[in-house]
Every structure is written in structure tokens, then in C-alpha cells.
Amino acid sequence: MRAIKNMRRFIIVLFLFIALAFYLNPVLAYEAKFAKNLSAQEIYDLLNFSVIPEKEAEQEKIFVIDVRTQPEFQFMGYIPRAYNIPYCFLNNKFLLMDQEFEYAPGEINKSHINHYPLIKNPDFLKYVKQLAKVNDTIILCGRDSRLSAIAADDIVKAGFKNVINMLGGLEGSSSGWKKANLPLNYMSFIKDLDPRYIYPPDLSNIPERDKNK
29 MRAIKNMRRF IIVLFLFIAL AFYLNPVLAY EAKFAKNLSA QEIYDLLNFS
79 VIPEKEAEQE KIFVIDVRTQ PEFQFMGYIP RAYNIPYCFL NNKFLLMDQE
129 FEYAPGEINK SHINHYPLIK NPDFLKYVKQ LAKVNDTIIL CGRDSRLSAI
179 AADDIVKAGF KNVINMLGGL EGSSSGWKKA NLPLNYMSFI KDLDPRYIYP
229 PDLSNIPERD KNK
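So this is what it looks like as C-alpha cells:
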């Protein structure tokens, strides 16, 4: 009888330990199902920020897409050369300077983490398709890896072949870009950033390319 009680206690303690591990390491819950999942350090090594100017063209087929909202992108720091294409908004209106745009209601998801409604950006895939070809490498990052994992899977479903989700995002509590002390850029005014990288991205200077190559 005592052996049975000890076994029950062992099972309960093991279950609590596993549950605590998942709670303390949110990365385990925020992995993409169809895209690759890499750590911040692995992505930093892939981006190779130390590339010399004459070899910069080799980086043209790697695109970093930051799925956070514009205020997060502007004030919380962003990865150099990252394009800000939000996956979700906090409401269905987007303010661009002195003009206000209203999107269709779209899909509303309620976050199980922060308990606020999120409205999916209906133009997300449109800008991704304008930016990259299907065989380019696309890296998705967010505050943590919750929304970037979903966005990465959406891009894979849209036909892109090399999609990577950054585990832990920029501000993951147990992992992520900031936790690894990797470089971030900051800006006080959105006008100070290249218009290609802010939302909605001005991609007019990117030449039209065959998206199937």
C-alpha cells in the first residue's frame, strides 16, 4: 500500500514539475508547426550582421519581418533591416500621419495571455508576397514567439519554402533576442527610418521579381 502511495506522489510531483517547466519556458508553447524554429542566437548567426559591404548582396534573399505593432517596433527596439508588417492590430483602425484608414473587421482573436482582442491584419500576406520570393528565407519575430509562430505557419501555407520562427521573440522572458544581448536599433521618430521598413512598407524601390524563383 505504501508503495502505491509513493508512486502516486511521484506521479503528482512529476506532473507539477512538467507543468512548471512549460510555464517558465513559454518558448515550448510558441513553436511554429510548419515553419522552422530557431533560437535568437542561431538567427543572429544566419543574418551575419558583420557582412562587409561588397558582399551585402548575399543577404538580399534573407528578410526579417517583425510582426509587432508599429509602437512596439518604434519604441521597444527592432532588429537592423527588419521590416515591420504587423500580424495583428489592437483595433480595426490604422492611423497614418493625418489620415485614418479602417480595415474590414477581419478575424478577431482573443489572447489567452494578455486578454485583449487582436484583429488580424488582412494585408499581412499581401505585403509579404510583395517583399519576398517563394524561395527566399523569411524570418518572423515578435514580442515573444506567440504571434510570429502563427504568422510563420500562414506564410508556409501561402507557398513559401524557407520560413523561420524566432523562438522567444525579442522579449521572451526565458529566451529571445534581448535575453541573448543581441543588437537592436532604436528610434525616436518614425520619419527617421527608411520607409521600406515601417508599416505600411514602401516597396516601390524594390524591383519586380519572379516570385516563383
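If you use our numbering, the sequence shown corresponds to residues 29 to 241, in order.
All C-beta atoms in this analysis are idealised placements derived from N, C-alpha and C, irrespective of residue type, glycine included.
Terminal residues of the alpha helix (DSSP H) in which A208 lies = Looking at the DSSP string, A208 is not in any alpha helix (DSSP H), and its letter there is neither H nor E.
Go ahead and label L118 buried or exposed: buried means 16 or more other beta carbons lie within 10 angstroms of its beta carbon, across all protein chains shown.
-> If you draw a 10 Å sphere on the C-beta of L118, you find fewer than 16 other C-beta atoms in it, and that means exposed.
Rounded straight-line distance, which links the Cα of D230 to that of D220 | CA-CA distance, D220 to D230, rounds to 14 Å.
Would you check if the distance between the CB atom of R171 and the CB atom of Y58 is smaller than 8 Å?
-> Cβ atoms of R171 and Y58: not closer than 8 Å.
Neighbourhood of E100 by C-beta distance below 8 Å, restricted to the same chain and skipping five residues each side = So the qualifying residues of the chain are R171.
Around the C-beta of F217, are 16 or more other C-beta atoms found within 10 angstroms, so that it is buried, or is it exposed?
-> The residue in question, F217, is exposed, as its Cβ has fewer than 16 Cβ neighbours within 10 Å.
Taking C-beta to C-beta, are Y111 and I93 nearer than 8 Å?
-> Result yes, Cβ atoms of Y111 and I93 sit closer than 8 Å.
Proximity to P114 [Cα-Cα], best of A179, K207 and L198 = Selected option, being the one with the closest Cα: A179.
Beta-bridge partners of D94, as assigned by DSSP | In the DSSP output, where bridge partners are listed per residue, D94 has N112 and C169.
Please report how far the alpha carbon of K207 lies from the alpha carbon of L66, in whole angstroms.
-> So the alpha carbons of these two residues sit roughly 15 Å apart.
Taking the DSSP output, what are the residues bridged to I178?
-> Answer is none; I178 lacks a bridge partner.
Are A68 and G187 closer than 8 Å when you measure CB to CB?
-> No, the pair does not count as a contact, with Cβ atoms beyond the cut-off.
Going straight from the alpha carbon of I226 to that of Q98, what length do you get?
-> CA-to-CA, the gap between I226 and Q98 works out to about 7 Å.
Can you tell which of I147, L198, V95 and N209 has the C-alpha that lies nearest to the C-alpha of P228?
-> Checked all of I147, L198, V95 and N209; the closest Cα to P228 is V95.
How would you write the range of the alpha helix (DSSP H) that I192 sits in, first residue to last?
-> Where I192 is concerned, there is no enclosing alpha helix (DSSP H), although the beta strand (DSSP E) it sits in stretches over N190 to M194.
Indicate the three-state DSSP secondary structure (helix, strand or coil) for K148 in the structure shown.
-> Three-state result, K148: strand.
Among E199, G200 and T165, the one whose alpha carbon lies nearest that of I183 = Of the listed residues, the one whose Cα sits closest to I183 is T165.
Same chain, Cβ closer than 7 Å to I80, five either side skipped, listed in chain order | At I80 the pLDDT is 44, less than 50, meaning the model places this residue with poor confidence; the figure from the coordinates comes in the next sentence. Cβ neighbours of I80 beyond the five flanking positions: none.
Identified DSSP bridge partners for L66 = According to DSSP, L66 bridges with M194.
For the putative contact between N190 and A177, defined by C-beta atoms under 8 Å, what is the C-beta separation to the nearest angstrom?
-> Incorrect: roughly 16 Å between the Cβ atoms, too far for contact.
Which one of K148, G197 and D181 has the shortest CA to CA distance from F62?
-> Checked all of K148, G197 and D181; the closest Cα to F62 is D181.
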